[in-house]
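To convert, count from 1 in the sequence shown and add 1; that's the working numbering.
Positions of the beta carbon are idealized from the N, C-alpha and C atoms, including for glycine.
This structure is a prediction, so every number in the text was calculated from the model and none was measured.
Presented below is the structure to which this report refers.
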Amino acid sequence: MALIKFPTKTVNSDVVNPYVNSIFDNFFNDSFITDRLVTRVPAVNISEDESSYKVELAAPGLKKSDFKINVDKNLITISVEKRDEKESEDKVYSKKEFSYLSFTRSFSLPDSVDYTRIDAAYEDGVLIVSVGKKEDAIVAKRLIEVK
2 MALIKFPTKT VNSDVVNPYV NSIFDNFFND SFITDRLVTR VPAVNISEDE
52 SSYKVELAAP GLKKSDFKIN VDKNLITISV EKRDEKESED KVYSKKEFSY
102 LSFTRSFSLP DSVDYTRIDA AYEDGVLIVS VGKKEDAIVA KRLIEVK
């Protein structure tokens, strides 16, 4: 017995030619096209402990001097613009993506931030921005006894 797979799309979608839709699907699902459509920004982890907030930004291959961190009112902006000016005449590239790198990430800061306690460190490809909290925003922990 032979099994024949029928398309799962509606009957009217493949009226002209069933192969035309599959060609366009393959073209638009190609990594060459989707790589250009996806914005490239580094991944971020934001955590909070009792005395500060931490923003961890994964940005390998950069130097400390490449980062610009600006604080304006309740907005912190982390940006990088790095260009690779070297051109190699002896190599023929079929795909070249890392000729320059630039991105900007902005985050809103809550009212509990102490703006004098903002520090940044870059270690092992991860930028760690520590934003301290005001003293009145730090909640004292205590055990409540049930009566």
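The three-state secondary structure of K134, taken from DSSP, is strand. The shortest C-alpha to C-alpha distance from S80 to any of L102, I47, A122 and N46 is the one to L102. The alpha-carbon separation between A122 and K64 amounts to approximately 11 angstroms. Under DSSP, E82 shares a beta bridge with S103. For N46, the uninterrupted beta strand (DSSP E) run begins and ends at V45 to E49, by DSSP.
With a 10 Å radius around the Cβ and a threshold of 16 neighbouring Cβ atoms, I47 comes out exposed.
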